[in-house]
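Quick notes on the structure that follows.
Take a look at the structure:
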């Protein structure tokens, strides 16, 4: 249990630490399913799920959208001095995280403190906040799951960062990543994320795609080598997304990133940080992206959220669909869990959710739906015939000619002869509806 960490003022007054009270509770600020120390599938829930709070949405997102001004007015965002304002925001963040009793947080550099266009001044500000964060982490027991650099908001990155056609811009990106890596290392961050929000193109008419991707690979190697030389032992993640804000991003989806990592010899140091809403934008289910990463041994971490079925953009809503999340957890459990990462709530309360309590409601709901899904998925794997149905479907490859084919012992002529000798195959049901009912039965 985290120690509640309150700074000079209490920003979330009247709300104590959120605790597990079980499914019968009527307490709005309690977990119904998340019992952190409960052992499921051989590990405590907290060790399976490794929840993290996203600094940017929870403490920086102000409810603004393309059609309207901010609606979220934060009491930690009032001081004129950037560093003092950042300290207030960090006080609020650690108060919230410890009242939620969650073990991790994640940040972009510019979430922690506002940046200028002066590299040296930015480094000075970030270093002050790193020292402050060390105190907060030590007092609370909260850890940094991963850090990253925002290489997409500043106007200089309008044509990309590592893929920018102007080397001067790439150099600024390098300076920013160096500082973010230094901060992550200093804070004991367990991982580091690269999300290429503008690493792509708006039009191929003015784009040398081959050269840009080579520059991106060289940049990742350079950052990786720097971090390793300076003691970083964690995992690097790439977070796929197909578009928005660019028309096309080079890290389009899990399979695309897998091919990129293999082509440019980055596969031994990088894994994937997958986001639900990014899978949706790529035309995939999140289950698909999880399975691609798991099959490649690259399931590093996830950003938990959801999109709106009627909207074609990244709405970053909190997860709440137990059926969907149970399917996620089936894949995650069968893959042996995350490789270094956890579940970061890359989600934001809605524009018209303007009470401070709304932030608790959102995170409690997200935590509980994953905890319930973990229990459900484990019950399915342990008590149902889910695994057997899947295994039986491929039984023809477990012996005889099917096994010989898997072992590379059959030629194309052999396949032809087998087809002639055995006639038309029998029709075999995939039993999709049955397996869907299995999930509903165990929820």
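Numbering (our numbering), first residue to last: 12 to 454.
Using N, Cα and C, we set each Cβ at its ideal position, and we do this for glycine too.
Annotation: the stretch 147-174 contains the following complete segments of the beta strand (DSSP E) (minimum length 3 residues), in chain order: 154-159.
Sequence-distant Cβ neighbours of residue 454 in its own chain, meaning closer than 6 Å and more than five residues away, are 333 and 387. Counting the other Cβ atoms within 10 Å of the Cβ of residue 174 gives 16 or more, which makes it buried. Rounded to whole angstroms, residue 354 and residue 330 show a C-alpha spacing of 11 Å. According to DSSP, residue pairing for residue 30 in a beta bridge involves 41. Residue 305 places its beta carbon less than 8 Å from that of residue 346.
Annotation: residue 296 to residue 429 spans about 36 Å, alpha carbon to alpha carbon. Assigned with DSSP and collapsed to three states, residue 295 falls in coil, not helix or strand. Distance from residue 284 to residue 248 at the Cβ level is roughly 4 Å; contact confirmed, criterion being Cβ atoms closer than 8 Å. When secondary structure is reduced to three states using DSSP, residue 261 falls in the coil class, being assigned neither helix nor strand. DSSP places residue 138 within a helical segment (H, G or I) once states are collapsed to three. For residue 448, no beta strand (DSSP E) encloses it; the enclosing alpha helix (DSSP H) starts and ends at 443-453. By a beta-carbon distance limit of 8 Å, residue 106 contacts residue 21. Their separation comes to about 7 Å. By the neighbour-count criterion, in which 16 or more other beta carbons inside 10 Å mark a residue as buried, residue 328 falls on the buried side.
Inside the stretch 36-110, DSSP marks whole alpha helix (DSSP H) runs of 4 or more residues at positions 56-60 and 66-70, from first to last along the chain.
The C-beta of residue 114 has 16 or more other C-beta atoms within 10 Å across all chains shown, which makes the residue buried. Bridge pairing for residue 131: absent [DSSP]. Restricted to the stretch 323-385, the alpha helix (DSSP H) segments that are unbroken, complete and at least 4 residues in length are 333-345, listed in chain order.
In terms of Cα proximity to residue 250, the closest of 129, 210, 87 and 383 is 210.
Nearest to residue 26 by C-alpha distance, out of 49, 59, 109 and 101, is 109. Going by DSSP, residue 313 is part of the beta strand (DSSP E) stretching over 310-314.
Where residue 124 is concerned, there is no enclosing beta strand (DSSP E), because DSSP gives it neither an H nor an E. Here DSSP, grouped into helix, strand and coil, assigns residue 278 to coil. With contacts defined by Cβ atoms closer than 8 Å, residue 227 and residue 254 do not form a contacting pair. Note that the C-beta distance between residue 60 and residue 117 is not below 8 Å.
Annotation for residue 48: 55, 56 and 57 place their beta carbon closer than 8 Å to its own, counting only its chain and skipping 5 residues before and after.
With fewer than 16 other CB atoms across the displayed protein chains lying within 10 angstroms of its CB, residue 78 is exposed. The alpha helix (DSSP H) runs of length 4 or more contained entirely in the stretch 203-262 are, from start to end of the chain, 220-240. Ranked by Cα distance from residue 315, the first of 244, 245 and 357 is 357.
With fewer than 16 other beta carbons inside 10 angstroms of its own, residue 440 counts as exposed.
When the Cα atoms are used, residue 399 and residue 444 turn out to be separated by approximately 15 Å.
Note: residue 116 is bridge-paired with 64 and 155 in the DSSP secondary-structure output. Taking the Cβ atoms as the reference, residue 245 lies roughly 20 Å from residue 275, outside the contact range of under 8 Å. In terms of CA proximity to residue 184, 121 leads the group 213, 240 and 121. Secondary structure at residue 14: coil, using DSSP grouped into helix, strand and coil.
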